[in-house]
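Peer 1:
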Amino acid sequence: MSIIKILDPKLANMIAAGEVVDRPASVIKELIENAIDAKSTAISVEVFDMGMKKMVVTDDGIGMDKEDAHLAFQRHATSKIKDEIDLNHIHTLGFRGEALAAISSVSKISLKTRQKDGFGFEVIYHGGHFVEEKTASLNVGTIIEVEDLFYNTPARFKYIKSDFAEKQAIIDIFDRLALANPKIRMKLSMDDKLIKETYGNGDFYLLIDQIYGQQITKNMTIVHDSIQKMNLSCYLISPQISRSKRKDISIFVNGRYIKNYVLTQAVIEGYHSYMMINKYPIAFIHIDMDPQLIDVNVHPQKYEVKFVNESVLAYTLTTLIQKGLNKKSHPIPDQKVIKLEEEKPIYVQPSFTFEETKLILEDSSKHDKQNNPKIPEFDYIGIFSGTYLLFQNQDGLFLMDQHAAMERIRYEHYFKALGNPTHTVKQHIVSYQPTLTRHDFLRIEHYQKELEKMGYYFNKELELTGIPTWLREDEIELSLQTIVSMLEEQKGIDLSILRDHLAKDISCKGSIRANQHINRKEVDALVSALRRCENPYTCPHGRPTLIKLSHYEIEKMFKRVL
Ligand SMILES: Nc1ncnc2c1ncn2[C@@H]1O[C@H](COP(=O)(O)OP(=O)(O)OP(=O)(O)O)[C@@H](O)[C@H]1O
Ligand SMILES: [Mg+2]
3 MSIIKILDPK LANMIAAGEV VDRPASVIKE LIENAIDAKS TAISVEVFDM
53 GMKKMVVTDD GIGMDKEDAH LAFQRHATSK IKDEIDLNHI HTLGFRGEAL
103 AAISSVSKIS LKTRQKDGFG FEVIYHGGHF VEEKTASLNV GTIIEVEDLF
153 YNTPARFKYI KSDFAEKQAI IDIFDRLALA NPKIRMKLSM DDKLIKETYG
203 NGDFYLLIDQ IYGQQITKNM TIVHDSIQKM NLSCYLISPQ ISRSKRKDIS
253 IFVNGRYIKN YVLTQAVIEG YHSYMMINKY PIAFIHIDMD PQLIDVNVHP
303 QKYEVKFVNE SVLAYTLTTL IQKGLNKKSH PIPDQKVIKL EEEKPIYVQP
353 SFTFEETKLI LEDSSKHDKQ NNPKIPEFDY IGIFSGTYLL FQNQDGLFLM
403 DQHAAMERIR YEHYFKALGN PTHTVKQHIV SYQPTLTRHD FLRIEHYQKE
453 LEKMGYYFNK ELELTGIPTW LREDEIELSL QTIVSMLEEQ KGIDLSILRD
503 HLAKDISCKG SIRANQHINR KEVDALVSAL RRCENPYTCP HGRPTLIKLS
553 HYEIEKMFKR VL
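My numbering puts the sequence shown at residues 3 to 564.
(1) Once DSSP output is grouped into helix, strand and coil, what is the label at P538?
(2) May I ask you to list the residues that DSSP assigns as paired with I229?
(3) Below 6 Å CB to CB, which residues in the same chain sit around L295 once its five sequence neighbours on both sides are set aside?
(4) Can you find the residues in the same chain that come closer than 6 Å, C-beta to C-beta, to Q435, ignoring five residues on each side of it along the sequence?
(5) Tell me, which residues are paired with G143 by DSSP?
(6) Nearest-angstrom Cα distance between Q117 and L151?
(7) Is it the case that the segment 104-121 contacts the segment 129-146, given that we only count it when at least three CB pairs across the two stretches are under 8 Å?
(8) Which residue marks the beginning of the alpha helix (DSSP H) containing Y201, and which one marks its end?
(9) In angstroms with no decimal places, state the Cα-to-Cα distance between H503 and G129.
(10) Between V264 and the rest of its own chain, which residues show a CB-CB distance below 7 Å, the 5 nearest in sequence each way excluded?
(11) So what's M57 in DSSP terms, helix, strand or just coil?
(12) Using beta-carbon positions only, say whether S246 and S487 come within less than 9 Å of one another.
(13) Which of the three DSSP states is assigned to K261 in this structure?
(14) Kindly indicate the opening and closing residues of the alpha helix (DSSP H) around S312.
(15) Are there 16 or more other CB atoms within 10 angstroms of the CB of E124, so buried, or fewer, so exposed?
(16) Quick one: measure Cβ to Cβ for K110 and E149, integer angstroms, because I've assumed they're closer than 8 Å.
(17) Looking at L532: is its Cβ nearer than 9 Å to the Cβ of R412?
(18) Among the residues of its own chain, which have a CB less than 7 Å from the CB of S552, if the five just before and after it don't count?
(19) Can you give me the Cβ contacts of N154 inside the same chain, cut-off strictly under 7 Å, excluding the 5 residues immediately before and after it?
(20) Out of K308, P293, I45 and G53, which one is the CA nearest neighbour of E168?
(21) Between the C-alpha atoms of N461 and F206, what's the straight-line distance to the nearest angstrom?
(22) Ligand 1 heavy atoms versus the CB of M57: any closer than 8 Å?
(23) Let me confirm a value: K325 is counted as buried when at least 16 other C-beta atoms fall within 10 Å, else exposed. Which label applies?
(24) How about K39 and K68: do their beta carbons lie closer than 9 Å?
(25) May I ask whether a heavy atom of ligand 1 can be found less than 8 Å away from the beta carbon of G569?
(26) Taking the DSSP output, what are the residues bridged to S275?
(27) Between which two residues does the alpha helix (DSSP H) carrying T219 extend?
(28) Within 10 Å of its beta-carbon, does V314 have 16 or more other beta-carbons around it, so buried, or fewer, so exposed?
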């Protein structure tokens, strides 16, 4: 007897729904995309209880007739493609005819719709079953209300993360779709509180302002180019604002937000000389091109897109970004010849400035001189290549990478300062607005209590009113950027990880600062500060600070010994 059975369509829908609908944010994504495909000019999104209670998406698009309103809930029912030829010329965001079937199978859904010259009506489905149909009064367009998501598939609840994480995910999706559609007016509210609103007047500069906040667009570089019938527009946020993940590099192709590793790398490459290691820029890349040259049908969520001419595109993008950024003046040092007292020209590759670190060196020399036995006593003999300090003793020759050493010293200084729970708070007389995105401010608002414990105080307007005493004023921005990206990654504050990240970031800050030369007194201060480090042998990123060439090794090189 055969044991294989064709699944009941309802059950098949519920299983398939797992791919399309895994959390409230994916419902929002599908509904907004449908509204965009319906040629809407204004879309409003209302979310209640992080979407688990209710989500309402209202549009002013073309609407549906009665027959289509029912067909829309059938699997593989779509108005967007008819045959294979269409599949190669996709102009819409949706085309699989799966989203509404999937959403309706795991929720209670009402669809109200009205076409131009038609009457309004409403259809209701619960768990994929038809419940009711009635007349309704509404403007031309469609209103979809999704209630009690996953009410019939409780197992899926366990994938729902924290309230905050779900809200963030919804905001992320909204942001992307809003950024991809400068001509559509979009509005997002959560539990009746307006979160974001865009004007829909086609002005992309203004749109970034509305989504990310005005702080971010300061100093933005805009460049355009076209190659092989492709038009490229890059909106490049100043490299002084950096992120610890690449997710704020947004690429849009023909109004669709996409993911593409090669192009993302191309953007990072374009910013390369302006960014610290492990830091990524915020950038928006719009590409308009013939839809035949891309393949969107590679991933169920339709993010991953492949290009026919990927490498040409990547190369063009990198050079365009480099050119754009080079035109603006960023604090990038020129390698400059500096005369030392001994009249020896040296080239200093700056990774710190002595002015900045003097304070730390002074501070560290106040403590008991407790030399680290790991670093031997030796005499300074000079500097090689502007970077390596040379020392000698009876055992051999030592080379110290001054930048790596300085990073280690700064790192340990901040690591200790950050771990000290009894720090006092420095009050600002004038409150100060840090350069952060709207998203970042939401995070700060959420974690305000924890931040206070660390010494960061914010007022109701989320202006900074107090900072920890150990923090220098010119390090405020950097430390806040580190904190918010940490909150983004960890979904919470883990003090020990934060300490490490923050100390690393602050210590390697200034890696693109102006040249400074190091004099004899400073060499001594550097060496004695390094001696006081817990782990003097490597910089916080693991590069060595000190290398030894023993007498024996040197003699071997000269073949004096075998
Ligand atoms: N807001 C809307 N306004 C007008 N028509 C809509 C709207 N939402 C859905 N539809 C109609 O319902 C159909 C089914 O929508 P659904 O989202 O399930 O599939 P799709 O958008 O065609 O493909 P995908 O599964 O890739 O999203 C659409 O093809 C469209 O004709
Ligand atoms: Mg759709």
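C-beta atoms are modelled at their ideal positions from N, C-alpha and C, and glycine is treated no differently. On a predicted model such as this, the values are computed, not experimentally measured, just so you know.
Peer 2: Based on what the coordinates show:
(1) coil
(2) M232
(3) V310
(4) E465
(5) R116
(6) 28 Å
(7) yes
(8) Here Y201 belongs to no alpha helix (DSSP H), and DSSP marks it neither H nor E.
(9) 46 Å
(10) E312 and A316
(11) strand
(12) yes
(13) strand
(14) The sequence given here has Glu at residue 312, not Ser. It spans E312 to K329 - the alpha helix (DSSP H) in which E312 sits, taken as one unbroken run.
(15) buried
(16) 5 Å
(17) no
(18) D397 and G398
(19) V108 and G129
(20) G53
(21) 31 Å
(22) no
(23) exposed
(24) According to the sequence displayed, residue 39 carries Asp and not Lys. Going by C-beta atoms, D39 is not nearer than 9 Å to K68.
(25) Any answer about residue 569 is impossible in this case: the structure gives the chain only from 3 up to 564.
(26) None; S275 has no bridge partner.
(27) Q216 to T219
(28) exposed
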